[in-house]
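Notes follow the structure.
Numbering (this note's numbering), first residue to last: 1 to 145.
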């Protein structure tokens, strides 16, 4: 049987056991903009979707999840690298986000959160009217020059 040894992973495992880390763990995520919304994808493998809690307080988005471990009596662990416990991630959404329309889905261990941009924050054209009968539509770059 082939074995992989990563001294840093082993150091992290030993440190967690020594210091009995009970605080929330960080979940890896990707965040990108796709058109008129942002997409947040967070890795949460083995999480019960019912344990996930997503809330928005002002402009602060918080994702919480819980992974429970196996607690079988008489089991002697050979290795235990899959951490259990609470996971948490917080993001400051900033201005221009429609917090009322945020949605989330969980599929294949990945939590996807769609964060729409508000209508007020989207680029738009402004119509400039002349003092005569005709009107002209200018785009934002033309207004600055």
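Glycine residues also receive a C-beta, built at the ideal position from the N, C-alpha and C atoms.
Exercise for the section: Take residue 112 as the anchor and find which of 102, 35 and 118 has the nearest alpha-carbon. Expected result: 102
Handout entry: Collapsed DSSP secondary structure at residue 143 in the structure displayed
Key = Low local confidence applies: a pLDDT of 48 at residue 143 is under 50, so the model's placement there is unreliable, and no value is given.
Handout entry: Alpha-carbon to alpha-carbon, residue 37 and residue 127
Key = 26 angstroms
Exercise for the section: Give the secondary structure of residue 100 by DSSP, where H, G and I count as helix, E and B as strand, and everything else as coil. Expected result: helix
Handout entry: Backbone secondary structure at residue 81 - three-state DSSP
Key = coil
Problem - Opening and closing residue of the beta strand (DSSP E) in which residue 75 lies - result: Premise fails: residue 75 is in no beta strand (DSSP E) and is neither H nor E.
Exercise for the section: Using three-state DSSP, classify residue 1 as helix, strand or coil. Expected result: Per-residue confidence for residue 1 stands at a pLDDT of 43, beneath the threshold of 50, marking its modelled position as unreliable; the derived number appears in the next sentence. The answer is coil: DSSP assigns residue 1 none of H, G, I, E or B.
Practice task
Return the CA-CA distance between residue 100 and residue 50, expressed in angstroms with no decimal places.
Solution key: 21 angstroms
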